[in-house]
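Let me begin by presenting the structure, written as structure tokens, before commenting on it.
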Amino acid sequence: MPSYQINMILVILEFPLAGQLIKYLLHAFENSFMLFENNSRQDGSFKLLGTALFAYMLIIILVITLAPFRYHVPQKLAIFWFWDVKEVLQNIFLFTPFGFLIHSIIGEKSRFYLAKVYLLGLALSSFIEFNQFFIYTRMTSLIDIAANSFGSLVGAFFYVQFKKRLSKASGKIILEIPLMNLLFLLIPLLWLSSLAIGKEVQRIWLILPLGLMGAILISEIYLNRIYSKTYFNRILFFLFFFAWFIISTFPALVEFPKTILAFCLICVAFIAVRFLLQKQKMASEQRFELRTLIKIVPLYCFYIIILNRWPIRSFDSNYSFSFVQPELFSTSDLDFIIRTIQLFSSFTIVGYTLYQYINRRKPRNITAKLIFSLLAISMIIEMPRGFNPSQVAVFTNIFFNFFWGLFGALIYILQLHYFKSIQNEKKEVQLELDFDTKSIVRRKRAS
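Numbering (the working numbering) for the sequence shown: 4 to 450.
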């Protein structure tokens with residue numbers, strides 16, 4: 004049977020399940036815009052931001068689980084029941100970020116919140132496993148469905164508990180601090196970096212700069228926003244970073260436990276030294292995010308340059324160039340697909356940080372400068388690949404990088420609207436308080 008007929012059959016069979024998930028996403032965007040247009044601009048902006056992050060995480064999950072995207076009609080029905088502890092844990096951790104971010108879709112204050120998260124995780128996992136039944140090199144397993152569903156439940160539980168504890172401890176919810184979104188964007192990139200190792204063991208070193216970026220972000224958030232001399236709060240932050248790093252790098256941890264744990268210890272040591280050097284809370288200013296970005300940009304530039312030059316070879320005099328890369332959707336080489344998606348997704352953080360930098364300078368044509376800068380960076384990164392004997396410069400990759408960068412910029416724009424809405428609501432509350440105070444004073448004088 005031709006592949007297009009298989010795809011049509013799958014679309015018909017999967018429409019109710021996929022449609023339900025799409026309905027939830029559209030419903031979340033609709034509610035967010037309605038909240039934004041009404042008086043609850045803060046809630047609407049936060050939901051839009053959370054929904055964008057959730058959509059990004061969902062795309063990465065689908066790429067990881069459905070690659071190499073080659074459908075066929077199986078000769079027999081094969082559903083596997085055997086299970087491996089490492090694979091079960093990997094499936095749980097894969098869906099933990101899904102459960103952590105899904106609050107933007109259904110709202111953590113809704114009735115039976117955890118039950119709804121579990122059912123959505125079950126629906127998405129069933130959708131994935133049903134597709135894997137028709138994909139080369141993939142296997143359908145009911146154990147995977149159970150593990151994925153449980154992982155979404157674990158992520159939702161962590162979100163509720165972490166938000167509750169930190170809001171009590173610091174009076175300011177850490178999940179609403181701008182730099183936290185960079186940590187969320189690093190999670191799928193670390194997953195892809197872990198899965199892309201394959202047989203090239205040296206690629207594991209690409210994980211370390213991303214881990215150090217997370218360590219810098221965590222330490223700066225703690226020192227600038229919720230500094231505390233109590234050992235409990237410091238230990239809580241160490242545990243948070245440890246959980247973030249282990250979840251993000253679990254595919255590599257399974258294969259190379261000693262190396263990943265060594266990377267984790269290096270990052271934890273960096274945070275510890277940073278805490279020891281800073282004896283008191285840093286000055287509370289709104290610009291610490293920019294200082295933090297300046298610290299992590301060199302690390303990320305190193306990462307993205309090495310990533311696009313891998314494997315490192317001396318430049319060849321012959322230049323290899325192609326307009327398209329048809330192998331991406333026709334090959335069954337899973338490592339090749341994961342590494343290509345890794346290249347594209349790395350531009351999400353490029354777009355995020357680039358828009359923040361341009362916005363800080365307050366230019367007149369911010370959109371035009373963003374588009375021009377993203378295209379220029381995409382070309383600078385992609386075109387030299389043609390001189391590498393092991394690579395080919397691909398014209399369409401420039402636009403893939405560009406659109407992933409635009410998505411990162413969109414996340415920052417939504418974040419910016421959210422924090423502006425917070426400031427506006429605070430000003431409105433302050434004006435109301437000032438008005439009430441003046442009214443009371445006038446009444447006392449009149450009496």
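Just so it is clear, CB atoms sit at the ideal spot from N, CA and C, and this is done for glycine as well.
- Taking all protein chains shown into account, C304 has fewer than 16 neighbouring C-beta atoms within 10 Å of its C-beta and is therefore exposed.
- With contacts defined by Cβ atoms closer than 8 Å, L215 and T295 do not form a contacting pair.
- Residues G214, G217, C267 and C270 of the same chain have their beta carbon placed closer than 7 Å to that of F248, with the five preceding and five following residues left out of the count.
- If only complete runs of 4 or more residues are kept, the stretch 89 to 159 shows the alpha helix (DSSP H) at 106 to 109 and 116 to 135, in order along the chain.
- In the DSSP assignment, the residues bridged to Y74 are I138.
- In the same chain as Q281, and ignoring 5 residues on each side of it, the C-beta atoms closer than 6 Å to its own belong to L226, in chain order.
- Its chain contains Q135 as the residues whose beta carbon lies nearer than 6 Å to that of R141, once the 5 sequence neighbours on both sides are disregarded; these appear in chain order.
- Annotation: the continuous alpha helix (DSSP H) that includes Y358 extends over L337 to R364.
- According to the DSSP assignment, N311 belongs to the alpha helix (DSSP H) that extends over F291 to R312.
- Across the structure, W407 and Y360 are spaced so that their CA atoms are roughly 17 Å apart.
- DSSP, reduced to helix, strand and coil, places A396 within a strand of the structure shown.
- For I380, the three-state secondary structure derived from DSSP is helix.
- Distance from the CA of L61 to the CA of T68, rounded to the nearest whole angstrom, comes to 11 Å.
- In this chain, the alpha helix (DSSP H) harbouring T262 covers P260 to L280.
- For the 8 Å CB-CB criterion, N94 and A58 do not form a contact.
- With a contact defined as Cβ atoms closer than 8 Å, I200 and N311 miss out at about 17 Å.
- About 6 Å separates the beta carbons of R363 and L293, which is inside the 8 Å limit, making them a contact pair.
- Under the DSSP definition of a beta bridge, F240 lacks any partner.
- Contact annotation: I138 and V120 have beta-carbon atoms that are not nearer than 8 Å.
- Closest in C-alpha terms to G389, from the list I315, R277, P212 and F115, comes I315.
- For R277, the closest alpha carbon among the candidates S251, A265 and F241 is that of F241.
- In the structure shown, the three-state DSSP call for S325 is strand.
- When C-beta atoms of the stretch 70 to 85 are compared with those of the stretch 151 to 169, fewer than three pairs fall below 8 Å, so the two segments do not count as touching.
- Cβ-Cβ distances below 8 Å link L192 to L213, Q345, S348, S349, T351 and I352 in the same chain, with the five nearest sequence neighbours on each side left out; the list follows chain order.
- Listed in chain order, the non-local C-beta contacts of V395 below 6 Å within the same chain comprise S323 and S325, local neighbours out to five positions each way being set aside.
- F405 carries a helical assignment under DSSP once its states are collapsed to helix, strand and coil.
- Counting other Cβ atoms within 10 Å of its Cβ, E203 stays below 16 and is therefore classed as exposed.
- Of the residues assessed, I308 falls on the exposed side of the cut-off, its CB having fewer than 16 other CB atoms within 10 angstroms.
- Rounded to the nearest angstrom, the gap between the Cα atoms of K372 and P366 is 8 Å.
- In the DSSP assignment, L186 falls within the unbroken alpha helix (DSSP H) covering M183 to L198.
- Within a 10 Å sphere around the beta-carbon of Y234 sit fewer than 16 other beta-carbons, which makes this residue exposed.
- Under the DSSP definition of a beta bridge, I82 partners with T143.
- In the displayed model, T252 falls within coil according to three-state DSSP, outside both helix and strand.
- Under the DSSP assignment, M216 falls in the alpha helix (DSSP H) whose first and last residues are I210 to R228.
- Residue environment for Q164: exposed (fewer than 16 other C-beta atoms within 10 angstroms of its C-beta).
- Taking C-beta separations shorter than 6 Å and ignoring five residues to either side along the sequence, the partners of T99 in its chain run G154, V157, G158 and I250, following chain order.
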